[in-house]
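Visitor: So the working numbering is basically just the index in the sequence shown, starting at one, shifted up by 143. We put the beta carbon where it would ideally sit given N, CA and C, even for glycine. Please read these numbers as outputs of a predicted model, since none were measured by experiment.
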Amino acid sequence: MPPSTGPVFWNLVADKVLRQDWSQGVHLKAFADDFVFLVNAVTKQEVKNLANKTWTDKHKLEISLEKTNYFHIKRIDQDQYGTYKLKEDKRT
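(1) Quick check on this structure: which residue in A175, N212, L155, D176 has the alpha carbon closest to the alpha carbon of V190?
(2) For L155, count neighbouring C-beta atoms within 10 Å of its own C-beta (all shown protein chains included) and say buried if the count is 16 or more, exposed if not.
(3) Just to confirm the assignment, what range does the beta strand (DSSP E) spanning A173 have?
(4) Assuming V182 is part of the alpha helix (DSSP H), what are its boundary residues?
(5) By the DSSP assignment, the alpha helix (DSSP H) with N192 in it spans what residues?
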């Protein structure tokens, strides 16, 4: 790949990902060169199952739970500008 094509390649990949239809309970946000999936599920295994059903099964990929950051959120509020305010659940 020629030098400085990284951003162009990222834009192509990001565009395809951002245009996907997601299952109910799955929301996607992009920031810089990362994606954040907000998945409405009770357990970590449910998150994996829903994510696999939504994206990875279609593209023959698998999510590694060992490399995935996971935290439980009690509530997500969205203001009029589309900014999310996360309320983290303090349960262990």
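Guide: A quick look at the data gives this:
(1) If you number the sequence shown from 1, residue 190 lands on position 47. Closest option to V190, judged by alpha-carbon separation, among A175, N212, L155, D176: N212.
(2) If you number the sequence shown from 1, residue 155 lands on position 12. Looking at its Cβ environment, which holds fewer than 16 other Cβ atoms inside 10 Å, L155 is exposed.
(3) Residue mapping note: residue 173 aligns to position 30 of the sequence shown, counting from 1. Note, A173: beta strand (DSSP E), 169-174.
(4) Here residue 182 refers to the residue found at position 39 of the sequence shown. First-last for V182: 177-182, but that is the beta strand (DSSP E), not the alpha helix (DSSP H).
(5) Numbered from 1 along the sequence shown, position 49 holds the residue referred to as residue 192. Unbroken alpha helix (DSSP H) run through N192: 187-194.
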